[in-house]
Each structure stands twice: as C-alpha cells, then as structure tokens.
Amino acid sequence: MNRREFAKLMGVSAVALSGIPLGVTRAVGQTKGGTLNTIIQPEPPILVTALNQQQPTLTLGGKIYESLLRYGFDLKPMPGLAKSWEVSPDGMTYTFKLFPNITFHDGHPLTSEDVVFSMTKVLLETHARARGVFGRIEKAEAPDPLTVVFKLKTPFAPFLGALDCTTAPILPKHIYEGTDYRKNPANAQAIGSGPFKLKEWVKGSHVHLVRHEGYYRPGEPYLDEIIYRIIPDSASRSVALEQGAVQLTQWTDIESFDVARLSKLPNYEVSTKGYEFFAPHQWLELNNRTKPMDDKRFRQAIAYAIDRKALLQRIYFNIGKLATGPISSKTRFFEKNLKTYDYSVDKAKALLDEMGLKPGADGKRVTLKYLVPPYGESYQRTGEFVRQMLGRVGIDIQLENTDVAGWADKCSNWDYDMTMNLVYQFGDPALGVSRTYISSNIKKGILFSNTAGYSNPEVDRLFEEAAVATSDDKRQELYTAVQKILIEDMPVVWMLEAEYPNFIDKRLKNVLSTAIGVHETFGSVSFG
Amino acid sequence: MTMMSIDAKGSRFIAVALAIFGWLVKFVAVVLIIATFNFILVHAAPGDPAQVIAGQSGGSDEKLLSQIRAEYGLDKPYAVQLATYLGRILSFDLGYSYRQQRSVASLIGERVPATLLLTATSFILALLTGIILGTLAGVRAGKWSDTLLTVVSLLLYATPVFWLGLMLVLLFSVQLDWLPAFGYVTIGVPMTAFERMRDILWHLILPASSLAAVYLAIYARLMRSSVVEVTHQDFIKTARAKGLKQGRIIIRHILRNAMLPIVTVAGMQAGALVGGAVVIETVFAWPGLGRLIYDALLQRDYPVLLGVFLVMSVLVIVLNLLTDAIYRVIDPRVSARAAS
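Chains Y and E, in that order, are what the protein sequence lines are.
Note that the first sequence covers residues 1 to 528 in the working numbering.
Note that the second sequence covers residues 1001 to 1340 in the working numbering.
Okay, structure coming up:
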C-alpha cells in the first residue's frame, strides 16, 4: 500500500497528494508546461536582488530579474537582455543593443532608460559589489529605447564580466524613480522582466513563481511554474529528494556526506557545473598580524602540514578540487605551472624548527584559536580535521564556535587567529581576488576585505596594473607574476575550490547552461 | 440596613476596582522589566544584522554597513534605542522588520495559526493520553502493566524529539509512503476548503505526534506518581469503605485530587505553546513561530526577536492567571483559602 492508496482508505483526496506535474504538453522540440519543485534555504528576506544579495535571494531572484548579459561556463559573454554589444578600442566605451519587445511583469516595456537608471542610480546605492564596478561609469546614455552607452572614467577590463543578473539586475524605472528604494512598497511584488513572476510567497513555507506571459524570448519560458520550498533541515531535504517531491537541488541543499548515497537514485543526474562565475575559493585564513603567523615560514609550514587530498576525500567526499593558489582554475587568468605545496610533515617540521619554534615538554610548539565558520556540518568537520593535522606537527588548535553574526563580527574585526573563509571570485581577479590581498583593502569591520592583513607593495602594484590593462595578454602576464609572489608568501593557505552538487531530475533539460547555473533565468528549462 | 448594604457593596466595588488597578500596574511593570531584559540580552550577542547580510552576500563595504545600521537605529546610543523601544511597546507598536520589510505584528500574525494548530494539537493529545496512561499506571502501581507504561514513557522522555521525528518520517513517509514528510499543505494543487482542511490535518499527523510524545511522557509520569500518592490518602479508604465502585472512586475522588500538579505543569507549558517548537518545525518544514524566532536570532533581526519575546512573555503571564482560575474550579479549597 502506498501513500495514495492509504490516503484513499483514509478518505484523503488523492489528487492533493500526487506530485506529478499536471498539464504537460508537447510542443516542437521541447515540452511545454509542468511544475518544477525545488528547494530554497535559508529563506530569503526579500526577493529584490538589487536590494539584497544574500545567496538564496540571488538564486530565486535570478528567475525574476534579468540583466544585460549571460556567461558561458568559460565566462565568455552571451546575449541576455542585450542582443549585441561593442567595446571601443580604448576600452572606455561600451555600447549595448537590447532585444525588442521586452516587458516587465506589470506590462510596461523595458527600455534603455530602465537599464541606465538601475545601473547608475539604484545599484550604486544598494549593491556593495556592483558599486565597485558601476562606480567607474562616468556617463551613461540612452540615445534610443534599445541602445545603452556607458563611458568609463578609466579603462576597466572586468566591466564586461560584471553584467550578470546577480550583479546587474534591471529594475523598472517607473516604479522606483524618486522613491526610497529599500522602502518601496512594490518590493513585495518583486517586479522584474524575467521569465517568471511572483505569484505567492507563504513565509516559512514556499515561494510560488508562474510564467511571465509577455516574455520576449519566443517559446520561453517552457515551465508553467516553479515552486521553491523552504526546507530548513538537511535530513528532510534528503528525504524530499528521495521521495521525488523536488526535482532539483542546489548549493548546500544536500550535505556532502549524503551525496554518495543519493547519487544512486536512478532518476537524478548529479552535476557540479554552474558555479564557475562564483568560483567559491576556500582557504584557511591566518591573521597575519599575530605571531607566529606573521612569519611566512610558519604559513608555509601549515600549507605542508595539511593533507588537503585527504580533506577533499574524507570531509568533502571528492566534491571539489584542490586549490593551488589565489586564483581559482575556473576564473580567468589562472596560472597552473607554479610551486605546489604537497603534504609533507617533515617539510613542515623543518620550517618550524628553522623559525626556532621548538616543541615544549608537552610536544606543543604554539597554541592558536580556530574560529569555526557557522555554515554547516562540513565546516565543523573541516575544523576538526585541521586541528588533527596541525596537532601532528606540534601546532595546538582550539576550536571556537559561533553563529553567522558572531563569525562575521570577529572575522571582520580581526578578532581571530585562524578561521576558514570562503570567498567568491566573480569571474575576474580584479573583482573577486585582489580584494583579499591588496593593502588598500585592509579595512577593519568589513567582511571579505583583506582581513588577514597581508601587505606587499609589489602585489599592490601588479593587481592595480592588471585591473586597468586592456589586453588579455598583458593581464595574464601581470596576474601570473602576482600568483607567483602570493604562492611564495602564502598570506592564507588555499584549501579547495569548493563545488556543489546539483541533483537534477533526468526529465529536466537545460537546467545548467551558464556560469551562474541555478541562478539563471530558467526560461529555457523544460521537462523533456 | 439598606444604607449599610449599599455601603458594603460600594466598598466591595472599590476594593475590586483597586485590586484590578493594582494588578494592571504590576502587569505593565513586569512587561516593561521583561522587555528591558530582552533588549539587553538580544543586543549582548556578538555581531549585528549588517554583518550577517555582509556575511551572506559575498561582498561588503562601509556604505552597506552604515546603511543597514542606520535603518535599524543601531547608530544611536543604547539608552536612546532602549527608550524608543519601550515607548513603542507602551503604544502597542511591535515595530518593523527592515530585513523582511514587514511590520513585526503581521510577521507574527501570519505564523500564529500554523503554530497554534501544531502546538495546541500536540498539547491536547499529550495531556489526554498522558492523564489516561498515568492514571492506568497509577492505579495498577507495581503490576507489570505499570512497569511497561513507566518504561515506555521514560523511553519517550529520553528520546531527542528531532530523532523521533526523523524516525517517524523514515517509517511513515519513506518506507510506507503513507504520510507526507514535510510542509503543512500540498502546494500548487487547487483544492476546495474542505479538501484543504483534510490536507492540512494529513500533514499535521507526524509533527504533532512527535511533539506530543515528549510531553506525553512528562504528564504520564507526573500523573502516575500523583495518583499513587492520592490513592493512599484516608478519604479514598473511606470511599472504599463506603462501598463505592472502583470506577467512581477513580473518576470522582482520585482523578480530581491527582490533577492539581498536572494543571500546574500544563499551565506552565501552555505558555510555550505560542513560542512554537523550533526543532519539530525545522524537521518538518512547518511554517511556525519557532522558526521565525530562530531565523530572526541568526539574522539578528532585533525587532522581530524582541516582538516575539514580548508576545510570549505577555501570554505566559496571562496563562499563569488562567491556571490560577482553573485551580479554583478543580479545588474549591484554593478559593476558600484565598478568601480567608
């Protein structure tokens, strides 16, 4: 007896219990219709991605708010709202041509005015990451409804790489102009131009999106609706997947230790693609201001002392990749032929001895605190793993636990010895890498700045030149040089290029098509 | 005569009015003290909402932090923040959640039905079963059925509630596929009001039974010992000697007297009903108040956190009063003592 038969016996409507998408019809090539059930956790506070950039907001908001460009897995730009674009030879002027007939969910047409307004007014006010890029725009113009021209103050090569929907979502000017953006009552309706619009949000339960009939791409969206269920407990999320109640999971929905077991389910494929733009880079952050971590030999010793292959296997069950330096292999300008630190207890001990950091009577050379990031079970296990590995070379680690607010507070105010950090690279070293190492970004109280306090004028110079250089060859040369120095200095100990398993129902098509994966619009996603 | 009785009536009226007034003053004072404690407690935790948002956005700068801190009023001195907060409470304003862009009252209001449904169902379930099982065990004290009931209730009491919940899900949802594993209603399917009600009840079974299990154990154990104690009192012997039937003795004499400790404990726990059940709500993805509090705590959403705390404290005070009233109904001695 299954649930439906049991339900019938108990007099409960069987229709109400069936999880099969209703009303699926076949069109040419791709199937039209159907309901995609998936998970969102933790619950986003609001859905307007221009106002809040917490991870779940971006995942869900990607369906509602679109941007000028999309990016392939190799981070090459592809048409978004803009069907074509041009960059002037001096790298100062960017011209975009929009697709015709784009409309917002309220029926208003989306024009170049909305683009200029969003990128040079709203986002500068509300989006910390976008401020760093669009603050470089000197003049933005909308010569006709389908043309946008940006003139930069100085050349900035990564500009063309920062127009995805998590960085540059386009808002309706007619709703937001002249208002307090954060307090605009329209925020509750989340009006964008994406293929899906908000139908209902039952707090604590689910967010229900339905198709935007006026979407500009012919045939899209294929799905009728998407339901994001809020399931806070990881064991319950695994059950939801096993039962087929959801057809897609993303990020940390499924904990790494459950992946091997659930991968055996016959109706899902598992892919770690679609995080290339973020390229989350995980490292052991060492407070460079504290002794003995101010000595690069100590930092190198730690790099030798931790068996990162074992970490990847035992804690992350081989989901991820070993990190070799400051730039992820998924980000542009990664250099692979550089010094590596392979696991060696002897080399680690030799370096520590050379520093004069001899073990005491109890075998301990030094005792340091390790602040465990509160981002899930894997971080706890990683902390315990690091404590064990460093214990073997005489570095005594004391684990300290806290919650997100406590971690962010301590980390950003330099109140820690060691912690694990995970930082997004956003496709270009000038956007997501340099911020961790340049001296001008040592800012107390600011998270994801140069919190370790590393400072090297040569590194500062190289990063600065690379950001404004216009040719890719020149940029590669500069970034290779900076990677060489950083790998020698080891300001932080790079651990892993984090990856996340997406479980995708085998009937689904086109779920992962760009470098932002599950954050994409999902207009082209379909059942079969 | 007439004059005197009017005088007596008048003075009694004044006495009652004074009592109510005195009680109201105490009530307001207690609420304000609790609110102040809540405020201090909530702000004592490290970090603030600005840092949480930065920590989950992958990027941050001075402007972001100062914007958010200004929104929450965190840029003002603590004393000013506290004064503003207390002033708002006195004007019955629970505040505004900048994070969720909603008033705290509406955030709490929309969670209350789901919460009460879950907690009240399990409370009543636990209370009824606990009293019945405890009485059965108590009157059979020392026999094998008593031992069995004691062992089972001890086991339930010692079982972590999340584990029990997950095991029930594994059995009834994953293995047997009889009951839904999570959520409070089937989403995205058109239903009539009646179908919807049935559907919600259907989703309620697992979380309510898991939550009831723990409380059931408490009530059963308490009821058992209370029944055992009362059974040995003289008036029960008298009742037996009178030749009353066992059933009548249990219901009229033992139960009524043995109930008092249960009412005390139940009254205290009823206050927690509104707070929801964080663990069970999390395991079963039940959209209740418990999760609202938990999320608000993690996000340092101070207005929501303080709002829920306040509502809960007021309810605890009110429920304590209610418990006292029930006492008087069950045990006339209490009101007699209070009168003298």
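Glycine included, every Cβ here is placed at the ideal spot set by N, Cα and C.
Taking Cβ-Cβ distances shorter than 9 Å, what residues in chain E pair up with G229 (chain Y)? Locating residue 229 (chain Y) in the first sequence gives position 229, where the first residue counts as 1. According to the sequence as given, residue 229 (chain Y) is Arg; it is not Gly. The answer, in chain order, is F1182, G1183, I1187, A1285.
Among E:A1019, E:R1140, E:R1069, E:S1091, which one has its Cα closest to the Cα of Q1246 (chain E)? As a first step, residue 1246 (chain E) is located in the second sequence; it is residue number 246 there, counting from the start. For the residues E:A1019, E:R1140, E:R1069, E:S1091, the minimum Cα distance to Q1246 (chain E) belongs to E:R1140.
One question on the structure: do K97 (chain Y) and S118 (chain Y) come within less than 7 Å of each other, judged by their Cβ atoms? Taking the first sequence and counting its residues from 1, one reaches residue 97 (chain Y) at position 97. Taking the first sequence and counting its residues from 1, one reaches residue 118 (chain Y) at position 118. Result no, Cβ atoms of K97 (chain Y) and S118 (chain Y) do not sit closer than 7 Å.
My assumption, with CB atoms under 8 Å, is that I170 (chain Y) sits in contact with L110 (chain Y). Please give the rounded CB distance. By one-based count along the first sequence, residue 170 (chain Y) stands at place 170. By one-based count along the first sequence, residue 110 (chain Y) stands at place 110. 7 Å between Cβ atoms; contact.
Within the same chain, show all residues whose beta-carbon is closer than 6 Å to that of I516 (chain Y), passing over the 5 residues directly before and after it, in chain order. For the purposes of this step, residue 516 (chain Y) is identified with residue 516 of the first sequence, where counting begins at 1. Cβ within range, chain order: D164, F277.
Counting only the same chain and skipping the five closest in sequence on each side, list residues whose C-beta sits under 6 Å from that of P373 (chain Y). The residue you call residue 373 (chain Y) lines up with position 373 of the first sequence. Counting only Cβ-Cβ distances below 6 Å, and skipping sequence neighbours, we find Y379, W407, M420.
Beta-carbon neighbours of V1052 (chain E), restricted to chain Y and to distances below 7 Å: To locate residue 1052 (chain E), count along the second sequence from 1; it is residue 52. Correct list: V404, A405, A408.
Is it the case that the Cβ atoms of G383 (chain Y) and Y375 (chain Y) are separated by a distance below 7 Å? If you number the first sequence from 1, residue 383 (chain Y) lands on position 383. If you number the first sequence from 1, residue 375 (chain Y) lands on position 375. Against a cut-off of 7 Å, the Cβ pair of Y375 (chain Y) and G383 (chain Y) comes out as no contact.
Scan the segment 103 to 149 of chain Y and note each continuous beta strand (DSSP E) run of 3 residues or more that stays entirely inside, going in chain order. 137 to 144
Output, in chain order, the set of chain Y residues within a Cβ distance shorter than 8 Å of D1295 (chain E). Residue numbering aside, residue 1295 (chain E) sits at position 295 when the second sequence is read from its first letter. Under the 8 Å cutoff, chain Y gives P42, E43.
Going along the segment 237 to 269 of chain Y in order, which residues come within less than 8 Å of chain E, judged by CB to CB distance? V239, A240, E242, Q243, A245
How many Å lie between G361 (chain Y) and T154 (chain Y) at the Cα? In the first sequence, residue 361 (chain Y) corresponds to position 361, counting from 1. In the first sequence, residue 154 (chain Y) corresponds to position 154, counting from 1. In the sequence under discussion, the amino acid at residue 361 (chain Y) is Ala, which differs from the Gly named in the question. A straight-line Cα-Cα distance of about 59 Å links A361 (chain Y) and T154 (chain Y).
Kindly list, in the order they appear in chain E, the residues whose Cβ is closer than 9 Å to that of I46 (chain Y). Against the first sequence, residue 46 (chain Y) aligns to sequence position 46. Residues of chain E passing the Cβ test: R1099, Q1100, Q1101.
Is it true that the CB of P195 (chain Y) sits closer than 7 Å to the CB of H174 (chain Y)? The sequence position of residue 174 (chain Y) within the first sequence is 174, counting from 1. The sequence position of residue 195 (chain Y) within the first sequence is 195, counting from 1. In this structure, H174 (chain Y) sits away from P195 (chain Y), with a CB-CB distance that is not shorter than 7 Å.
With a Cβ-Cβ cutoff of 7 Å, do G1130 (chain E) and A1220 (chain E) count as a contact? In the second sequence, residue 1130 (chain E) corresponds to position 130, counting from 1. In the second sequence, residue 1220 (chain E) corresponds to position 220, counting from 1. Yes; because the gap between Cβ atoms is below 7 Å, this pair is in contact.
With DSSP run on the structure shown, which of helix, strand or coil describes E1281 (chain E)? Mapped onto the second sequence, residue 1281 (chain E) falls at position 281. Here E1281 (chain E) sits in helix by DSSP.
Taking only beta-carbon atoms, is R1291 (chain E) less than 7 Å away from chain Y? Here residue 1291 (chain E) corresponds to residue number 291 of the second sequence, with the count starting at 1. Taking Cβ atoms only, chain Y reaches closer than 7 Å to R1291 (chain E), which makes this a yes.
Taking 8 Å as the cut-off, does the segment 84 to 94 of chain Y touch the segment 142 to 157 of chain Y (at least 3 CB pairs, one atom from each stretch)? yes
Straight-line CA distance for A27 (chain Y) to S524 (chain Y)? Position 27 of the first sequence, counted from the start, is the residue given in the question as residue 27 (chain Y). Position 524 of the first sequence, counted from the start, is the residue given in the question as residue 524 (chain Y). In this prediction, A27 (chain Y) scores a pLDDT of 49, lower than 50, which makes its location untrustworthy; the coordinate-derived value is nonetheless stated afterwards. If I take the Cα positions, the gap works out to 13 Å.
Distance between beta carbons of Q1056 (chain E) and Q41 (chain Y), contact taken as under 8 Å: Against the first sequence, residue 41 (chain Y) aligns to sequence position 41. Against the second sequence, residue 1056 (chain E) aligns to sequence position 56. Not quite, the Cβ-Cβ distance comes to about 12 Å (not below 8 Å), so this is no contact.
Rounded to whole angstroms, what is the Cα-Cα separation between F134 (chain Y) and E43 (chain Y)? For the purposes of this step, residue 134 (chain Y) is taken as the residue at position 134 of the first sequence. For the purposes of this step, residue 43 (chain Y) is taken as the residue at position 43 of the first sequence. Straight through space, the alpha carbons of E43 (chain Y) and F134 (chain Y) are spaced by roughly 29 Å.
Identify each residue in the segment 1153 to 1174 of chain E for which the Cβ-Cβ distance to at least one residue of chain Y is less than 7 Å, and report them in chain order. L1166, V1169, S1173, V1174
Entirely enclosed alpha helix (DSSP H) segments - the segment 238 to 285 of chain Y, minimum 4 residues: 256 to 263
Please state whether the Cβ-Cβ distance between T1135 (chain E) and M1223 (chain E) is less than 7 Å. In the second sequence, counting from the first residue as 1, residue 1135 (chain E) sits at position 135. In the second sequence, counting from the first residue as 1, residue 1223 (chain E) sits at position 223. Yes, Cβ-Cβ distance for T1135 (chain E) and M1223 (chain E) is below 7 Å.
Give, in chain order, every residue of the segment 1035 to 1046 of chain E whose Cβ lies closer than 8 Å to some Cβ of chain Y. A1045, P1046
Thinking C-alpha only, which one of Y:Q30, Y:T120, Y:G204 is nearest R1288 (chain E)? Your numbering for residue 1288 (chain E) matches position 288 in the second sequence. The sequence given here places Gly at residue 1288 (chain E); Arg does not occur at that position. Selected option, being the one with the closest Cα: Y:G204.
Could you tell me whether any Cβ in chain Y is nearer than 7 Å to the Cβ of I1020 (chain E)? What you label residue 1020 (chain E) is simply residue 20 of the second sequence in a count that begins at 1. False, the Cβ-Cβ gap to chain Y never drops below 7 Å.
Residues that Y530 (chain Y) bridges to, as DSSP identifies them: An answer regarding residue 530 (chain Y) cannot be provided, because it is not within the stretch 1 to 528 covered by chain Y.
Over what stretch of residues does the beta strand (DSSP E) that includes E1195 (chain E) continue unbroken? Reading the second sequence from its first residue, position 195 is the one you call residue 1195 (chain E). Where E1195 (chain E) is concerned, there is no enclosing beta strand (DSSP E), although the alpha helix (DSSP H) it sits in stretches over 1193 to 1231.
Three-pair Cβ contact test at 8 Å for the segment 1316 to 1329 of chain E versus the segment 1070 to 1078 of chain E: no
For A303 (chain Y) versus M490 (chain Y), is the C-beta spacing smaller than 7 Å? Counting from 1 along the first sequence, the entry for residue 303 (chain Y) is found at position 303. Counting from 1 along the first sequence, the entry for residue 490 (chain Y) is found at position 490. The answer is yes: Cβ separation under 7 Å.
In chain E, which residues lie with their C-beta within 7 Å of the C-beta of Q55 (chain Y)? By one-based count along the first sequence, residue 55 (chain Y) stands at place 55. By Cβ distance, chain E contributes Q1056.
Span separating the alpha-carbon of A1017 (chain E) from that of A1029 (chain E): Here residue 1017 (chain E) refers to the residue found at position 17 when the second sequence is read from its first residue. Here residue 1029 (chain E) refers to the residue found at position 29 when the second sequence is read from its first residue. Computed Cα separation, rounded: 18 Å.
Is the segment 267 to 285 of chain Y close to the segment 421 to 441 of chain Y, with three or more CB pairs under 8 Å? yes
DSSP on K309 (chain Y), reduced to helix/strand/coil? The count along the first sequence starts at 1 and reaches residue 309 (chain Y) at position 309. Helix at K309 (chain Y).
Host alpha helix (DSSP H) of T382 (chain Y) (start-end): Start at 1 with the first residue of the first sequence, and residue 382 (chain Y) comes out as number 382. Following the DSSP letters along the chain, one finds T382 (chain Y) inside the alpha helix (DSSP H) bounded by residues 377 to 391.
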